[in-house]
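Below is one structure, written out as structure tokens, with a few remarks after it.
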Amino acid sequence: MNASTIDRLPVVVIGAGPIGLAAAAHLIERGLDPLVLEAGPTAGSAVREWSHVRLFSTWGELVDPAAEKLLAPTGWIRPDATAYPTGGDWAERYLQPLADLLADAVRYGARVTGVARAGRDRIVDPGRDEQPFTVHIETSDGREERLTARAVIDASGTWSTPSPMGADGLAALGEKAATDRVSYRVPDFDDPAVRARYAGRRTAVIGSGASAFTALALLADLAADTPGTHAVWVLRRGIGASTYGGGEADQLPARGALGLRAKAAVEAGHASAITGFRTRAVSCDGDRLVLESDDGRRTDPIDEIIVLTGFRPDLSFLSELRLGLDERLQAPTALAPLIDPNVHSCGTVYPHGVNELSHPERDVYLVGMKSYGRAPTFLAMTGYEQVRSITAAIAGDQEAAERVELTLPETGVCGGAGLFEEPENTEPAGGGCCAAPTTLQIGTAAPASPSGGC
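Using the numbering used here, read the sequence shown as starting at 1313 and increasing by one per residue.
So, in structure tokens, the structure goes:
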């Protein structure tokens, strides 16, 4: 296939979430044809799974400029820029209208199972860069198809691959057996069945980020209505100055409020925290559960476990591509030092684009949450800047691709739960913890587990 023929092929965008749809809008603005492949049945399928959670970014930070330009002629009304939407609001009032406008450029029920260079596996060099990409998909009715693309933008996110509770990054012993009482998502207490699951029970919340704060807040509110409800906050490090995030210094006020409300709840005695606890196992104690740490400590019996220890990218369908990924974060090698949660808060990461997101395999890009690998600091506006830069590069406008058009807010709740932190200010071990508000960084809650039992 010659170069002119390849240039007429669409750019495949994997995922019809916020960043994938923004990429499509920027491609259209550049006169390029996008083809968005979405595994779910609607736009923002993953976002809808945490539809009850309020974001800590405002509408003004959650609408991509190129997408807004496409929507404006349709009569679409932009929500109040100062308001904080829920995930459901974001999906219904912005993502779905944008996807509807893109019409046939979005295919639902199309799960990507593999991406490669046409006729070239991972090890073949000759003529590699001159070949288009082949994209294998499986449709919702079980059919397999192979598509061809000039470039691939993977905006599939990390929602489908939450991290387990084990401190070593693997499932704790007994975690799979206890799966009917382990959840990997922020609970929705507007659902009567979910509310009944946690009401009057002791629930362990494992994690130290925005999602954990959110779950603790909801459990604290439930405890106020239902006696006997208690949250046990399981932390891998001690409680110190950075435990509760940026607080009033955070330039995203709702994000700062997460930590402040969590701190207030702990100090009020609504919950207690177990610190320096690195989970290695979960076992049954009658009809209840017990967590065990690497140092042999055991929790008092608990009824439910909510695991909010972060996410990791699914790289399995990209195995035939030559990606340059950091060995720790699984983020692009040039980006990883800029987002390392051992060093940076959200705001200390300068805006980045095509230069930081390029790989040895030309014209393939990981964007959005997936580009951050295991780092927890991603913001939607960062993803919008990523795809603006990348689409400019694909269109051949290198000057625009390398231009920075974003200023990020400073500080934040960015000490990821996956780090091996030395205790900052170790406090006595207790059992449990508590509260924070219903706000969330994009994509930090996780999907429910399949059923199982002890």
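Backbone N, C-alpha and C define an ideal beta-carbon position, used for all residues, glycine too. Here the structure is a predicted model, which means the values were calculated and not measured.
When the Cα of L1641 is compared with those of S1475, Q1710 and R1715, which residue comes out closest? Counted from its first residue, the sequence shown places residue 1641 at position 329. Cα-wise, what sits closest to L1641 is S1475.
Provide the residue span of the beta strand (DSSP E) that contains P1346, from first to last. Within the sequence shown, numbered from 1, the residue matching residue 1346 stands at position 34. Start and end: P1346 to L1349.
Assign V1325 to buried or exposed, taking buried as 16 or more other Cβ atoms, counted over all protein chains shown, within 10 Å of its Cβ. Position 13 of the sequence shown, counted from the start, is the residue given in the question as residue 1325. Label assigned to V1325: buried.
Ranges of the beta strand (DSSP E) found wholly within the stretch 1578-1630, counting only runs of at least 3: 1584-1586, 1591-1597, 1600-1605 and 1616-1619
Residues near G1276 by beta carbon distance below 6 Å, same chain, minus five either side: The first residue shown for the chain is 1313 and the last is 1766, placing residue 1276 beyond what the model contains.
Suppose you measure from the CA of E1457 to the CA of E1450; what does that come to, to the nearest Å? Residue mapping note: residue 1457 aligns to position 145 of the sequence shown, counting from 1. Residue mapping note: residue 1450 aligns to position 138 of the sequence shown, counting from 1. The alpha-carbon atoms of E1457 and E1450 are separated by roughly 6 Å.
Inter-residue CB distance, A1403 and V1359 (contact presumed, cutoff 8 Å): Indexing the sequence shown from 1 puts residue 1403 at position 91. Indexing the sequence shown from 1 puts residue 1359 at position 47. Rounded, the Cβ-Cβ distance is 5 Å, consistent with contact.
Please tell me whether W1371 has its Cβ less than 8 Å away from any Cβ of chain B. Of the protein chains in the structure, only one exists, and it is not chain B.
G1356: which of T1370, L1347, V1544 and G1327 sits nearest, CA to CA? On the sequence shown, position 44 is the one that residue 1356 refers to. Answer by Cα proximity: G1327.
Minimum C-alpha distance to S1628 - residue among D1392, R1609, G1568 and V1427: Taking the sequence shown and counting its residues from 1, the one referred to as residue 1628 is at position 316. Out of D1392, R1609, G1568 and V1427, V1427 has the C-alpha closest to the C-alpha of S1628.
Please say whether E1717 and R1700 have beta carbons closer to each other than 8 Å? For the purposes of this step, residue 1700 is identified with residue 388 of the sequence shown, where counting begins at 1. For the purposes of this step, residue 1717 is identified with residue 405 of the sequence shown, where counting begins at 1. Yes, these two residues count as a Cβ contact at 8 Å.
8 Å Cβ cutoff met for W1388 and F1623: For the purposes of this step, residue 1388 is taken as residue 76 along the sequence shown, with counting starting at 1. For the purposes of this step, residue 1623 is taken as residue 311 along the sequence shown, with counting starting at 1. No, these two residues do not count as a Cβ contact at 8 Å.
When you compare only the Cα positions, how much space is there between T1317 and I1702? Sequence index remark: in the sequence shown, residue 1317 carries index 5 (1-based). Sequence index remark: in the sequence shown, residue 1702 carries index 390 (1-based). Each residue's Cα considered, the two are about 21 Å apart.
What residue from R1497, V1679, P1438 and L1374 has the CA that sits closest to D1392's CA? Locating residue 1392 in the sequence shown gives position 80, counting from the first residue. The shortest CA-to-CA distance from D1392 to any of R1497, V1679, P1438 and L1374 is the one to L1374.
Inside the stretch 1480-1561 only - alpha helix (DSSP H) runs reaching at least 4 residues: 1504-1510 and 1522-1537
Whole runs of the beta strand (DSSP E) within the stretch 1338-1414, excluding any shorter than 3 residues: 1346-1349
Pair within 8 Å by beta-carbon distance, L1547 and S1523: Here residue 1547 refers to the residue found at position 235 of the sequence shown. Here residue 1523 refers to the residue found at position 211 of the sequence shown. No, Cβ-Cβ distance for L1547 and S1523 is not below 8 Å.
Report the residue from A1593, A1535 and P1504 whose alpha carbon sits nearest the alpha carbon of A1580. Locating residue 1580 in the sequence shown gives position 268, where the first residue counts as 1. The candidate whose alpha carbon is nearest that of A1580 is A1535.
Throw me the rounded Cβ distance for the R1258 and E1632 pair, which I believe falls under 8 Å. In the structure as shown, the chain starts at 1313 and stops at 1766, and residue 1258 therefore has no counterpart that could be examined.
Express the C-alpha separation of P1663 and S1369 in angstroms, rounding to a whole number. The residue you call residue 1369 lines up with position 57 of the sequence shown. The residue you call residue 1663 lines up with position 351 of the sequence shown. Rounded to whole angstroms, S1369 to P1663 spans 17 Å at the Cα level.
Have a look at the DSSP bridge pairing and note the partners of P1474. If you number the sequence shown from 1, residue 1474 lands on position 162. Answer by DSSP bridge pairing, in chain order: F1623.
Outcome for S1452 when other beta-carbon atoms lying within 10 angstroms are tallied against a minimum of 16: Position 140 of the sequence shown, counted from the start, is the residue given in the question as residue 1452. Exposed, because fewer than 16 other Cβ atoms sit within 10 Å of the Cβ of S1452.
At what residues does the alpha helix (DSSP H) containing V1716 begin and finish? Working through the sequence shown from its first residue, we reach residue 1716 at position 404. Run containing V1716: none; DSSP gives neither H nor E here.
Would you report the Cα separation of G1400 and M1313, rounded to the nearest angstrom? Mapped onto the sequence shown, residue 1400 falls at position 88. Mapped onto the sequence shown, residue 1313 falls at position 1. The straight-line gap from Cα to Cα measures roughly 43 Å.
Helix, strand or coil for G1728? Go by DSSP, reduced to three states. For the purposes of this step, residue 1728 is identified with residue 416 of the sequence shown, where counting begins at 1. Annotation note: pLDDT 35 at G1728 (below 50); position unreliable, no value reported.
Within the continuous alpha helix (DSSP H) that includes I1702, where are the two ends? Here residue 1702 is taken as the residue at index 390 of the sequence shown, counted from 1. Run containing I1702: A1692 to I1706, per the alpha helix (DSSP H) assignment.
What is the rounded straight-line gap between the Cα of P1385 and the Cα of M1693? Within the sequence shown, residue 1385 is the residue found at index 73, counting from 1. Within the sequence shown, residue 1693 is the residue found at index 381, counting from 1. C-alpha separation (whole angstroms): 23 Å.
Between G1742 and K1682, what straight-line distance do the alpha-carbon atoms span, to the nearest angstrom? On the sequence shown, position 430 is the one that residue 1742 refers to. On the sequence shown, position 370 is the one that residue 1682 refers to. Since pLDDT at G1742 reaches only 35, below the 50 mark, its modelled position is unreliable, and no value is offered.
Backbone CA spacing between A1467 and A1505 [nearest angstrom]: Taking the sequence shown and counting its residues from 1, the one referred to as residue 1467 is at position 155. Taking the sequence shown and counting its residues from 1, the one referred to as residue 1505 is at position 193. C-alpha separation (whole angstroms): 32 Å.
Considering only their Cβ atoms, is the gap separating Y1677 from D1376 smaller than 8 Å? Within the sequence shown, residue 1376 is the residue found at index 64, counting from 1. Within the sequence shown, residue 1677 is the residue found at index 365, counting from 1. No, the pair does not count as a contact, with Cβ atoms beyond the cut-off.
Proximity below 8 Å, CB of I1518 to CB of I1614: For the purposes of this step, residue 1518 is taken as the residue at position 206 of the sequence shown. For the purposes of this step, residue 1614 is taken as the residue at position 302 of the sequence shown. No, the pair does not count as a contact, with Cβ atoms beyond the cut-off.
Here's the rule: buried if 16 or more other CB atoms are within 10 angstroms of the residue's CB, otherwise exposed. What is V1494? Counted from its first residue, the sequence shown places residue 1494 at position 182. By the 10 Å Cβ count, V1494 comes out buried.
Strand pairing of Y1677, partner residues [DSSP]: In the sequence shown, residue 1677 corresponds to position 365, counting from 1. Answer is I1465, bridged to Y1677.
Residue closest to V1424, alpha-carbon to alpha-carbon, out of P1444, H1448 and E1442: Working through the sequence shown from its first residue, we reach residue 1424 at position 112. Of the candidates P1444, H1448 and E1442, the one whose C-alpha sits nearest the C-alpha of V1424 is H1448.
Who does I1449 pair with in a DSSP beta bridge? Taking the sequence shown and counting its residues from 1, the one referred to as residue 1449 is at position 137. Partner(s): V1424 and E1457.
Considering only DSSP beta bridges, list what L1637 is partnered with. Within the sequence shown, residue 1637 is the residue found at index 325, counting from 1. The partner list for L1637 (beta bridge, DSSP) reads P1644.
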